[in-house]
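In order, the protein sequences belong to chains D and E. With our numbering applied, the first sequence has no gaps in its numbers, which climb one by one up to 450 at the end. With our numbering applied, the second sequence has no gaps in its numbers, which climb one by one up to 1106 at the end. Ideal Cβ placement from N, Cα and C applies to all residues, glycine included.
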Amino acid sequence: MARDKIRIGCGAGFSDDRIPPGVEIVEKGDLDYLAMECLAERTIARESLDRTKDPSKGYTPVLRERMEAILPPALARNIKVVTNMGAANPMGAAKVVRQNAKDWGCRDYSCAVVLGDEVTDIMRQHPELPLMEDGAPLESLLPRMASANAYLGADVVAKAFSTGADLVITGRVADPALFLGPMLHAFGWAYDDFDKLAKGTLAGHLLECSGQLTGGCFADPGKKEVEDLAGLGYPLCDVWADGRVEVSKTPGSGGRLDVATCTEQLLYEMHDPTAYITPDCVLDASHVTFRQVEKDRVEFQGVRGKPRTATYKVVVGYFDGYMGSGEMGFAGHNALARAKLGIEVVKERLRRRGLTYEEMRIDLIGMNSLHGNNADLAPEPYEVRLRIAARTPDKKAAEAVGAEVRSLHMQGPTGAGGGINFGAKQILAVKSVLIPREWVKPEIVKEQAA
Amino acid sequence: MTHRLYDLAHARAGDKGNTSNISVTAYDDAGWQIIRDKLTPDVVLGHFGHLTKGPVRRYELPQLRALNFVIENALGGGVTRSLAIDPHGKSLSALMLTIELPGHNE
């Protein structure tokens, strides 16, 4: 079914993204497709852990809440939906949606699931693969591996829609591919028409972080104003079969979409603008220009596409010990000196307990916690908050950090208030490898009512 | 006279692993001339020197009046294992804008 133009909306830009603007764009956006991106680099590792404990789990935890709000109105308007909320268990996600769909008020629908991004077995077979971060062999991570997933491309998303699916659920797919996939499906673009693939990829890149295109992450009072930031709307794109794209946002919503917000989002998480590598193409954004078509509507031009690489990128999640942390506040006369005394007391108490740490970080919130400036150079604030965080393979040692900070209430300098022990958190770190495409066997499975 | 980068440009920071990238976009052509000439990788590395030894790479997008700085080893070991309170370095765009650039006669 070749079409002349489609409209794709973004319904979520990270796993816990705000749901109301997602409902709003479904109801008011006049969309053909809705894409929801909910999978950060390491979240799939956490979801993999969930699945280890309970084989029915492993999808994005907020799946039910988000789908209950968004899927019924989307299906009622014949909006096709694609999301990577399948995370470490796309079929499990599809089953949960199916089990609840009637109760949520969904009409009958068809669902396709993308499998095959999970590649832990391939990792175990190839311990010699060099890590992209430092060139060391993958082998050292294997005993601590929690997950390994290849970033699949838009071709599998399009293939999933070609089954007639109203809903496509994936695991790891490159974020822009969630948007390029519907374009491939709707327009039948050749998978080697790299200029069109690049245009669609750029549209996806701009939209995938939801409100960051429409005035989020932007306002600076008196300097860069954003109208009704509280009512920020999510972005959408109109795409024509010849590859022309205009980006806009939910009609009547708050926020701002113009050349300035597009420029900031174009370069967000981009390194070399001449070579932004995705599974579908290598995007050259170095000559991109933006033109304001009307209020809150921008067209881009100058995108070039180059052939995709011969590899898929795999993100490997692995256990990297524990992080313990805690905070304590001080205010009034001599607040900074009391905070510094508190730091020394905690460090000494941990030392006398024989506890050691790979790395310890001390922050004085209000002075140096974000930009790491030398606190001695900053003016002394009325109040300051000390924070101590440390990493260690030993969970008990990690737990001791926040406990010692919190006990400054009673056994630290005078006037210590507002203590928090954040406890010990298991660290799931990630590193990356490249693998030949042919090692990966993506699979599309129709999910049926049981 | 010095120029506050904050008055000339706006910025956004993103993360990938242990690398921060920060775009700096001038508000107008006059600001663009100044940042293109004076906001060098060395100036940025100097300003971020307490956080990272670099390297810093700079990419130019003159048609957008934008520079893209890629600052390696700036995120405390990477988003997933950093002990920092802002592991993504989202706030580093504001650090970038505290740079002051020399005026014409300096």
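Chain E within 7 Å of residue i, Cβ atoms only
i	result
TYR268/D	yes
LEU370/D	yes
VAL173/D	no
SER15/D	no
CB contact below 7 Å: residue i versus chain D
i	result
GLN1033/E	no
SER1091/E	yes
GLU1106/E	Caution applies to GLU1106/E, whose pLDDT of 47 falls short of 50 and renders its modelled position unreliable; the model cannot decide the point.
THR1052/E	no
ASN1068/E	yes
ASP1029/E	no
LEU1075/E	no
GLY1014/E	yes
LEU1064/E	yes
LEU1095/E	yes
HIS1088/E	no
ARG1004/E	no
LEU1039/E	no
Top-ranked residue by Cα proximity to residue i, from the options
i	options	result
THR43/D	ALA148/D, CYS10/D, GLU133/D	ALA148/D
TYR1006/E	ILE1034/E, GLY1017/E, SER1020/E	ILE1034/E
LYS80/D	PRO90/D, LEU34/D, ARG124/D	LEU34/D
LEU408/D	ARG387/D, ASP108/D, PRO307/D, ASP228/D	ARG387/D
ASP24/D	GLU327/D, PRO176/D, ASP117/D, SER210/D	The question names Asp, yet the displayed sequence has Glu at residue 24/D. Ranking the options by Cα distance to GLU24/D, first place goes to SER210/D.
PRO72/D	CYS106/D, SER48/D, GLY58/D	CYS106/D
ASP242/D	GLY200/D, LYS425/D, CYS111/D, ASP228/D	GLY200/D
LEU257/D	PRO221/D, PRO279/D, PHE300/D	PHE300/D
PRO235/D	GLN426/D, GLU327/D, VAL26/D, VAL97/D	VAL26/D
ASN84/D	GLY415/D, ASP117/D, HIS333/D	ASP117/D
PHE422/D	TYR322/D, GLN448/D, ASP30/D, THR163/D	TYR322/D
GLU327/D	PRO279/D, ALA390/D, GLY233/D, GLN265/D	ALA390/D
ALA424/D	GLY417/D, GLU404/D, SER15/D	GLU404/D
ILE435/D	VAL298/D, THR311/D, LYS441/D	THR311/D
SER286/D	ALA1074/E, LEU1061/E, SER1093/E, THR1080/E	LEU1061/E
ARG385/D	GLY418/D, ALA45/D, ALA87/D	GLY418/D
LYS1053/E	ALA1066/E, VAL1070/E, ALA1094/E, ARG1065/E	VAL1070/E
Closer than 7 Å at the beta carbon, the chain E residues around residue i
i	result
PRO176/D	Here the premise fails: no neighbours, minimum Cβ distance about 14 Å.
ASP363/D	ILE1085
GLU27/D	In chain order: nothing, as chain E lies at least about 30 Å away.
GLY359/D	Checking the sequence shown, residue 359/D turns out to be Glu, not Gly. Near GLU359/D (Cβ distances below 7 Å), the residues of chain E are LEU1083.
Test: residue i CB closer than 7 Å to a CB of chain A
i	result
VAL430/D	The chain inventory of the structure shown lacks chain A, comprising the protein chains D and E.
Per-residue contacts from residue i into chain D (C-beta, under 9 Å)
i	result
ASN1021/E	LEU267, TYR268, GLU269, MET270, HIS271
LEU1061/E	THR263, LEU266, LEU267, PRO273, ALA285, SER286, HIS287, VAL288
GLY1017/E	GLU41, MET132, GLU133, VAL430, LYS431, SER432
Residue i: contacting residues in chain E (beta-carbon distance under 9 Å)
i	result
ARG42/D	VAL1079, THR1080
ALA390/D	LEU1083
THR120/D	None at all; the shortest Cβ gap to chain E is about 18 Å.
ARG406/D	Within chain E, no residue comes near ARG406/D; the closest Cβ sits about 17 Å away, beyond 9 Å.
ARG387/D	ILE1085
Beta-carbon neighbours of residue i, restricted to chain E and to distances below 8 Å
i	result
ALA260/D	HIS1010, THR1025
Inter-stretch contact at 8 Å, needing at least 3 Cβ pairs: the segment 118-132 of chain D / the segment 1008-1015 of chain E: no
Residues in the segment 274-306 of chain D having any Cβ partner in chain E nearer than 9 Å: THR274, ALA285, SER286, HIS287, VAL288, THR289, PHE290, GLY302
Anything in the segment 412-444 of chain D with a Cβ closer than 7 Å to a Cβ of chain E? List those residues in chain order, please. ILE427, LEU428, ALA429, VAL430
Under 9 Å (Cβ pairs) to chain E, residues found in the segment 305-326 of chain D: GLY317, ASP320, GLY321, MET323, SER325
May I ask you to list, following chain order, the residues of the segment 216-233 of chain D that have a beta carbon less than 9 Å from some beta carbon of chain E? CYS217, PHE218, ASP220, LYS223, LYS224
Is the segment 174-185 of chain D in contact with the segment 348-357 of chain D, if contact means three or more CB pairs nearer than 8 Å? no
Taking contact to mean at least 3 C-beta pairs separated by less than 8 Å, is the segment 159-171 of chain D in contact with the segment 90-109 of chain D? yes
Examine the Cβ distances between the segment 259-268 of chain D and the segment 1021-1028 of chain E and report whether three or more of them are shorter than 8 Å. yes
At least 3 beta-carbon pairs within less than 8 Å: the segment 44-52 of chain D vs the segment 279-295 of chain D: no
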